[in-house]
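Heads up, the thing below is written out as structure tokens.
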Amino acid sequence: MVDAPDTPAGLYRTVRLIRRFEERAIELVRTGEIVGGIHPYIGQEAIAAGVCAALRADDIITSTHRGHGHVLAKGADPARMLAELAGRSTGLNQGRGGSMHAADFRLGIFGANAIVGANGPITVGAAWAARQAGSDRVGVSFFGDGAVSQGVLLESMNLAALWRVPVLFICENNGYATTLTVADAVAGTITGRGAAFGMPAVTVDGMDPLTVLDAARDAVDQARSGGGPTLIECLTYRFDAHHTWEHKARVRYRDDDEVARGRSRDPVEVAGARLAADQRARIDAEIEAVLAEAVAFALDSPRPDPAGALDHLYATGLRARQGGGC
Amino acid sequence: MPWLSYQKALNRALGDELARDPAVFVLGEDIRVAVSNVTAGLFQRFGPDRVLDTPLSEQAFTSFATGAALAGRRPVIEFQIPSLLFLVFEQIANQAHKFSLMTGGQACVPVTYLFPGSGSRTGWAGQHSDHPYSLMVHVGVKTVVPATPTDAYGLLVAAIRDDDPVVVFAPAGALALREDVDYAELGPVPLGVGRVHREGNDVTVVAVGHLVQDALAVADELADEASIEVFDPRTLYPFDWDGLAASVAKTGRLVVIDDSNRSCGIGAEILATAAERFGLAAAPARVTRPDGAVLPFALELDRAVQPSRAQLVSAIQGVLKDG
Numbered sequence: 075m076v077d078a079p080d081t082p083a084g085l086y087r088t089v090r091l092i093r094r095f096e097e098r099a100i101e102l103v104r105t106g107e108i109v110g111g112i113h114p115y116i117g118q119e120a121i122a123a124g125v126c127a128a129l130r131a132d133d134i135i136t137s138t139h140r141g142h143g144h145v146l147a148k149g150a151d152p153a154r155m156l157a158e159l160a161g162r163s164t165g166l167n168q169g170r171g172g173s174m175h176a177a178d179f180r181l182g183i184f185g186a187n188a189i190v191g192a193n194g195p196i197t198v199g200a201a202w203a204a205r206q207a208g209s210d211r212v213g214v215s216f217f218g219d220g221a222v223s224q225g226v227l228l229e230s231m232n233l234a235a236l237w238r239v240p241v242l243f244i245c246e247n248n249g250y251a252t253t254l255t256v257a258d259a260v261a262g263t264i265t266g267r268g269a270a271f272g273m274p275a276v277t278v279d280g281m282d283p284l285t286v287l288d289a290a291r292d293a294v295d296q297a298r299s300g301g302g303p304t305l306i307e308c309l310t311y312r313f314d315a316h317h318t319w320e321h322k323a324r325v326r327y328r329d330d331d332e333v334a335r336g337r338s339r340d341p342v343e344v345a346g347a348r349l350a351a352d353q354r355a356r357i358d359a360e361i362e363a364v365l366a367e368a369v370a371f372a373l374d375s376p377r378p379d380p381a382g383a384l385d386h387l388y389a390t391g392l393r394a395r396q397g398g399g400c
Numbered sequence: 002m003p004w005l006s007y008q009k010a011l012n013r014a015l016g017d018e019l020a021r022d023p024a025v026f027v028l029g030e031d032i033r034v035a036v037s038n039v040t041a042g043l044f045q046r047f048g049p050d051r052v053l054d055t056p057l058s059e060q061a062f063t064s065f066a067t068g069a070a071l072a073g074r075r076p077v078i079e080f081q082i083p084s085l086l087f088l089v090f091e092q093i094a095n096q097a098h099k100f101s102l103m104t105g106g107q108a109c110v111p112v113t114y115l116f117p118g119s120g121s122r123t124g125w126a127g128q129h130s131d132h133p134y135s136l137m138v139h140v141g142v143k144t145v146v147p148a149t150p151t152d153a154y155g156l157l158v159a160a161i162r163d164d165d166p167v168v169v170f171a172p173a174g175a176l177a178l179r180e181d182v183d184y185a186e187l188g189p190v191p192l193g194v195g196r197v198h199r200e201g202n203d204v205t206v207v208a209v210g211h212l213v214q215d216a217l218a219v220a221d222e223l224a225d226e227a228s229i230e231v232f233d234p235r236t237l238y239p240f241d242w243d244g245l246a247a248s249v250a251k252t253g254r255l256v257v258i259d260d261s262n263r264s265c266g267i268g269a270e271i272l273a274t275a276a277e278r279f280g281l282a283a284a285p286a287r288v289t290r291p292d293g294a295v296l297p298f299a300l301e302l303d304r305a306v307q308p309s310r311a312q313l314v315s316a317i318q319g320v321l322k323d324g
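Residue numbers (the numbering used here), protein chains in the order written: chain A, 75 to 400; chain B, 2 to 324.
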């Protein structure tokens with residue numbers, strides 16, 4: 075039996091699933107099965123788990139370059155997700171998107187997005203359209219602290235507040251935009267940006283999925299009942315690299331003490347401490363089995379046929395001219 | 002039969018599609034009062050849920066439309082200034098255009114981007130006078146540049162009904178054009194199909210947008226010297242290569258008049274494709290804006306960098322002499 079995602083066991087399950095998914099994915103980056111590397115979500119899992127536990131299946135999310143956690147927490151199949159990372163035709167996007175563009179529209183996952191802040195207005199437009207259609211679906215835009223320096227995101231907050239669009243702006247403040255600290259990038263405060271547009275803005279502990287869930291629930295209730303958007307700043311820490319290239323490049327921008335301090339509060343432990351040892355062990359074993367199957371599925375899946383490299387370029391089926399000689 | 006202006010044709014197409022399909026809505030700046038006239042009367046007919054005045058947030062409202070399209074709507078965005086395309090290039094070229102492929106066909110983004118008044122507006126200077134359709138062709142976004150009121154109506158309707166993003170450039174130089182039309186015969190014009198406005202045997206002149214009228218005038222002027230065929234691609238991407246091939250197969254000679262900057266403009270692509278495929282009897286020629294042109298303000302300077310009839314005449318005469 076699967077625990078409901080908004081129970082302590084369900085939250086732990088999601089946090090643990092994301093953690094182990096990322097660890098398995100990093101292994102596959104190292105062995106060359108995943109090309110292009112990934113932006114590991116390790117350390118930030120409580121945010122995706124808490125926010126998505128407050129959502130309905132038909133709610134809409136958009137995500138970022140560091141998006142695996144959001145996509146999994148919203149219910150994507152880990153096997154098809156891993157197959158996408160490995161560039162296989164069985165992947166969520168048939169191997170056309172990869173790590174930074176994973177999407178599953180049937181689950182309301184309107185795509186991870188590789189341009190920082192670009193998903194903000196897309197979420198607002200989608201949530202507006204859902205409301206216009208008479209539904210009470212909400213949209214969630216996940217982004218990092220780096221995105222608050224993007225004008226387009228701030229413009230989209232203005233539109234959302236102005237038109238009372240049912241949206242949650244979830245800022246994952248992990249302290250760094252790649253290597254640049256928040257202190258070096260952000261004047262004023264992050265929540266101050268929400269307040270400037272007249273929307274509720276709160277800062278919460280992003281390492282505890284239960285705390286995030288509580289804040290997200292309030293924001294979802296407000297959005298569903300016509301009260302408009304909320305900005306939630308979740309304080310967190312990225313345990314691993316900005317991107318796996320750092321594993322080789324050894325870029326130095328965080329000292330060891332800081333990383334040790336950041337890792338000392340681990341969302342897996344925060345969520346796990348609420349469960350009995352045997353319950354936790356059962357969930358862990360279950361996740362190992364799911365991921366073993368996912369890895370096998372991904373690696374056994376066929377690679378896409380190069381002849382179809384530009385399939386889906388146009389929704390109408392228009393075929394582009396080829397690049398080779400005529 | 003009634004006279005339909007190009008501008009009114011755009012207005013009529015928007016009204017007809019808003020009435021026909023509840024998924025369609027229009028958004029943009031100052032469209033309730035219809036500063037550009039293209040949305041005149043639509044707010045009164047369809048109300049604030051279908052005709053949205055936006056703040057001056059072009060980047061956000063362009064991707065807002067993408068989000069609405071992903072959720073099943075068919076947005077039409079009116080942009081007041083052609084150069085705003087540079088501001089929203091990321092939102093169109095890097096977001097809307099890429100969703101279908103990147104999601105493995107899960108999503109489509111049927112947004113129409115309407116630029117009424119593209120190209121020189123006569124004295125609007127450097128940042129209001131661009132004609133950046135070739136940029137969209139380069140990235141592979143469907144691009145139309147209607148030349149006549151009938152085609153403006155038909156191509157805008159087709160763009161709105163298309164499941165992909167489509168950019169519609171309505172040249173400032175064509176907006177006042179009027180045509181005798183039977184309203185009952187107005188209908189969608191399929192994307193990717195060119196139109197021969199005038200048949201001829203000696204040389205094919207490919208003319209884009211408002212330059213079609215110039216090409217027709219020049220064809221008249223040179224009627225004693227040469228029989229000129231005027232081919233209007235109507236859609237620049239996808240381009241009607243077969244239609245152009247058929248024309249050039251007849252004439253063997255090719256001249257292009259195109260309001261792009263010269264380097265990497267659509268004129269360059271047409272000449273390159275002709276060189277590869279068409280077996281021309283003489284070297285082709287093109288009349289364009291200069292490389293990297295910025296339109297200067299003073300009227301004489303503005304006109305000096307736009308393709309002119311005089312340039313077209315000498316290009317045609319040169320091609321006829323050659324070979």
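The beta carbon of each residue, even a glycine, is placed where N, CA and C say it ideally should be. Fair warning: this is a prediction, and the values are worked out from it, not measured in the lab.
| message | For Leu-156 (chain A) and Ala-368 (chain A), which I take to be in contact (beta-carbon distance under 8 Å), what is that distance rounded to the nearest angstrom? | response | 5 Å
| query | Leaving out five residues before and five after Asn-167 (chain A) in sequence, what residues of the same chain have Cβ atoms less than 8 Å from its Cβ? | reply | Leaving aside the five residues that flank Asn-167 (chain A) on each side, the residues in its chain whose CB is nearer than 8 Å to its CB run, in chain order, Glu-158, His-175, Ala-176, Ala-177.
| Local Cβ density within 10 Å of Pro-147 (chain B), reported as buried at 16 or more and exposed below that | buried
| said: Let me make sure I understand the geometry here. Which of B:Arg-74, B:Phe-65, B:Thr-67, B:Leu-11 has the alpha-carbon closest to that of Leu-43 (chain B)? | reply: B:Leu-11
| Whole-angstrom distance between Ala-345 (chain A) and Asp-282 (chain A), CA atom to CA atom | Their backbone Cα atoms lie some 7 Å apart in a straight line.
| task | May I have the straight-line CA-CA distance separating Ile-92 (chain A) from Thr-390 (chain A), to the nearest angstrom? | result | 36 Å
| query | Do Gly-30 (chain B) and Gln-81 (chain B) have their CB atoms nearer than 8 Å? | reply | The amino acid at residue 30 (chain B) is misidentified as Gly; the sequence shows Glu. Against a cut-off of 8 Å, the Cβ pair of Gln-81 (chain B) and Glu-30 (chain B) comes out as a contact.
| So, does the CB of Pro-189 (chain B) fall closer than 8 Å to a CB anywhere in chain A? | no
| said: Beta carbons nearer than 8 Å to chain B: which residues of the region 157–178 of chain A have them? | reply: Gly-165, Leu-166, Asn-167, Gln-168, Gly-169, Arg-170, Gly-171, His-175, Ala-177, Asp-178
| query | Of all the CB atoms in chain B, is at least one closer than 8 Å to the CB of Ser-230 (chain A)? | reply | yes
| What in chain A is Cβ-close to Ala-20 (chain B), meaning under 7 Å? | Those within 7 Å of Ala-20 (chain B) in chain A number zero; the least Cβ separation is about 17 Å.
| request: Report all residues from its chain with a CB closer than 6 Å to the CB of Ala-209 (chain B); omit the five preceding and five following residues, and keep chain order. | output: Sequence inspection shows Val at residue 209 (chain B); the Ala mentioned does not correspond to that position. Around Val-209 (chain B), the same chain offers Val-146, Asp-259 as residues with beta carbons nearer than 6 Å, after the five sequence neighbours per side are excluded.
| said: Which runs of the alpha helix (DSSP H) at least 4 residues long sit entirely within the region 166–206 of chain A? Give them in chain order. | reply: List check, alpha helix (DSSP H) in window: 193–206.
| field | Residue ranges of each alpha helix (DSSP H) within the region 89–146 of chain A, 4 or longer | value | 119–127
| task | Could you tell me which of B:Gly-195, B:Ala-185, B:Phe-298 sits nearest to Trp-242 (chain B), measuring between CA atoms? | result | B:Gly-195
| By how many angstroms is the C-alpha of Arg-162 (chain A) removed from the C-alpha of Gly-169 (chain A)? | 5 Å
| Other residues of its chain near Ala-14 (chain B): CB distance less than 6 Å, five sequence neighbours each side excluded | Tyr-154, Leu-157, Val-158
| message | Suppose you measure from the CA of Gly-194 (chain A) to the CA of Gly-397 (chain A); what does that come to, to the nearest Å? | response | 34 Å
| message | Check whether the region 215–234 of chain A and the region 59–70 of chain B are in contact - that is, three or more C-beta pairs closer than 8 Å. | response | yes
| field | Neighbour-count burial assignment, Ala-259 (chain A), 16 or more Cβ in a 10 Å radius | value | Counting Cβ neighbours within 10 Å, Ala-259 (chain A) comes out exposed, since fewer than 16 surround it.
| task | Taking Gly-84 (chain A) as the query, report the chain B residues whose CB atoms sit under 9 Å from its CB, ordered along the chain. | result | Those do not exist, as Gly-84 (chain A) stays about 27 Å from chain B at its closest Cβ, beyond 9 Å.
| Anyone know if the C-beta pair for Val-125 (chain A) and Ser-137 (chain A) falls short of 8 Å? | no
| field | Ordered list of alpha helix (DSSP H) runs contained in the region 166–241 of chain B, each at least 4 residues | value | 212–222
| request: For Leu-237 (chain B), return the contacting residues in chain A, with the cut-off set at a CB-CB distance below 7 Å. | output: Ordered by position in chain A, no residue passes the 7 Å Cβ test against Leu-237 (chain B), which lies about 13 Å from the chain.
| task | Check whether the Cβ atoms of Asp-219 (chain A) and Val-256 (chain A) lie closer than 8 Å to each other. | result | With respect to the 8 Å criterion, Asp-219 (chain A) and Val-256 (chain A) are classified as neighbours on the basis of their beta carbons.
| For the beta strand (DSSP E) that contains Leu-371 (chain B), what are its first and last residues? | Since the first and last residues shown for chain B are 2 and 324, residue 371 (chain B) lies out of range.
| field | Under the three-state DSSP convention, the category Asn-38 (chain B) falls into | value | coil
| query | How many angstroms separate the CA atom of Cys-400 (chain A) from the CA atom of Tyr-327 (chain A)? | reply | Confidence at Cys-400 (chain A) is low in this model, with a pLDDT of 47, below 50, so the placement of that residue should be treated as unreliable; the coordinate-derived value is given next. Tyr-327 (chain A) has its alpha-carbon roughly 51 Å from the corresponding atom of Cys-400 (chain A).
| query | With 16 other CB atoms within 10 Å as the buried threshold, where does Phe-298 (chain B) fall? | reply | exposed
| query | Who does Thr-304 (chain A) pair with in a DSSP beta bridge? | reply | A:Leu-242
| query | Do we get a CB-CB distance below 8 Å when we pair Pro-195 (chain A) with the residues of chain B? | reply | yes
| query | Grouping DSSP H, G and I as helix and E and B as strand, with all else coil, what is Ala-160 (chain A)? | reply | coil
| query | Touch check for the region 182–190 of chain B and the region 41–55 of chain B: three-plus C-beta pairs under 8 Å? | reply | no
| Is the Cβ of His-386 (chain A) closer than 8 Å to any Cβ of chain B? | yes
| field | is_contact[Met-103 (chain B), chain A] using C-beta, thresh 8 Å | value | yes
| field | Between the CA atoms of Arg-33 (chain B) and Ala-41 (chain B) - distance to the nearest angstrom | value | 8 Å
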